[in-house]
Structures are given as structure tokens and as C-alpha cells.
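Report on the structure given below.
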Amino acid sequence: LTIKVVNRYGADVYTVHAHDANGPGAISGHVAPGVLKAGATGTFAVPTGWAVVKNGGQIVGDESLIEGSYAKQNTPNALIDIDVSYVSGFSVPIVCSCDGKGVVTGCNKPLWKLHTCGNSNGVGSCKNPMRGADYDNAVPSPFFAPCRHSAFTVPRDPGANANNVCHSGTVTCCIGSACAANSNQP
Numbered sequence: 076l077t078i079k080v081v082n083r084y085g086a087d088v089y090t091v092h093a094h095d096a097n098g099p100g101a102i103s104g105h106v107a108p109g110v111l112k113a114g115a116t117g118t119f120a121v122p123t124g125w126a127v128v129k130n131g132g133q134i135v136g137d138e139s140l141i142e143g144s145y146a147k148q149n150t151p152n153a154l155i156d157i158d159v160s161y162v163s164g165f166s167v168p169i170v171c172s173c174d175g176k177g178v179v180t181g182c183n184k185p186l187w188k189l190h191t192c193g194n195s196n197g198v199g200s201c202k203n204p205m206r207g208a209d210y211d212n213a214v215p216s217p218f219f220a221p222c223r224h225s226a227f228t229v230p231r232d233p234g235a236n237a238n239n240v241c242h243s244g245t246v247t248c249c250i251g252s253a254c255a256a257n258s259n260q261p
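In our numbering, the protein residues as written are 76 to 261.
Structure representation (C-alpha cells):
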């Protein structure tokens, strides 16, 4: 599986790649903590059994996340599972797409411009007050609500997940409001 991360945010973003400690890491590409320059693309390839979280923004734990896995799910072949999560917080808008499917997860809305964050971490991220809401039917706070069902804005939102939707072997995630919109965005 190849994952591309395109920075259309208009500014540099900090990234870190953290894979499941019990599984394999990326086999090549842009995975070291660092900066993805404005307009740049980072690409990495992963083997079967991989699972990851990749942050965008200054890394303090409240950032927008790309989450995914490429693993067997009680199936003979590995399946791609990808999502964008704002459960910990929001730093930058992110959407992910796959060839022939368009955007399958994420939200390109500029949340900072749409609503006031009531829980800023002071370094560029809005902490999500619902991050511990481990129950069905949780409702996102007003800041996060414009991305409900397109990106995870509460811990349980299956509409934000794209499991076994991508089959091309390449997933492209785009950072920024200039990226294509998700048809699931409210």
C-alpha cells in the first residue's frame, strides 16, 4: 500500500508517523518526524500488517490525525482501512481519497474560520472536548460539528471510516481547505 500526503494548507505542517508497536512499520518513504513543506507531497509504502496514526500540526497530542491500517480482517487478503480523526483535536483540515472513488474520509472545512474554539491548546490546535465520550450517539461540540460523519469528531462515528473502500493500492490524503470536499460533509 502506498500513502501520499499532499500539503495544500498554504503553510508548512509538522508530521510524525507512529505505527502500531506490535506490527511492521513503513518499508519506505517520508516517515521521520519533520516538516512537510507547503505544496510538497510526502509518500510512504507499508506492508501487510501495518497500522498507523499520522499527525498534522505542531505535535503536542491535540492534532488532526490520519489513521489507517493495511491488514487482514478475518479475510485471506489485507484490506485498506483509512480515516481522518479530529477526536483528539483539530489543527488542519484533512481529506483522504483513493483512485476511482474520490474523497472517502475527512473534512476540508476551515473550522478555525467557521466557529470559535472554546478549548485552544495555545499552539495551533483546538482540543476536542468530546475526546473521552465513549458512547454511541455522542454529539460533537459546535466547533467540530461541521465535520460530523466525514471525519471522526466523536470517538464513535462509523460514517467517518472508510474500511475496504479503497482497492487501488494507493491512498492520497490532502491537507488544507483547498483539497476536494467530502460528499459526507454536512
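Just so you know, even glycine gets a beta-carbon here, dropped at the ideal spot from N, CA and C.
How should residue i be labelled, buried or exposed, when 16 other C-beta atoms within 10 angstroms of its C-beta is the threshold for buried?
i      : result
Arg43  : Residue 43 lies beyond the stretch modelled for the chain, which goes from 76 to 261, so this question has no answer here.
Tyr84  : buried
Ser243 : exposed
Leu186 : buried
Asn82  : buried
Per the DSSP calculation, residue i is bridged to which residue(s)?
i      : result
Thr180 : Cys171
Ile157 : Gly143 and Ala237
Thr191 : Answer is none; Thr191 lacks a bridge partner.
Ile250 : Asn82 and Ile169
Val229 : The partner list for Val229 (beta bridge, DSSP) is empty, contrary to what the question assumes.
Ala113 : Bridge partners of Ala113: none, in fact.
Give the straight-line distance between the Cα atoms of residue i and residue j, rounded to the nearest whole angstrom.
i      : j      : result
Ser64  : Tyr161 : What is shown of the chain runs 76 to 261, which leaves residue 64 out entirely.
Val167 : Ser252 : 8 Å
Cys248 : Pro108 : 17 Å
Phe165 : Ser200 : 5 Å
Val229 : Pro215 : 6 Å
Lys176 : Cys241 : 7 Å
Thr77  : Asp174 : 12 Å
Arg262 : Ala213 : Any question about residue 262 goes unanswered here, given that the chain covers just 76 to 261.
Between the beta-carbon of residue i and the beta-carbon of residue j, is there less than 8 Å?
i      : j      : result
Asn257 : Asn183 : yes
Ile102 : Ile141 : no
Gly193 : Phe219 : no
Pro261 : Pro221 : yes
Asn236 : Thr180 : yes
Ala93  : Val121 : no
Thr118 : Gly104 : yes
Ser163 : Glu138 : yes
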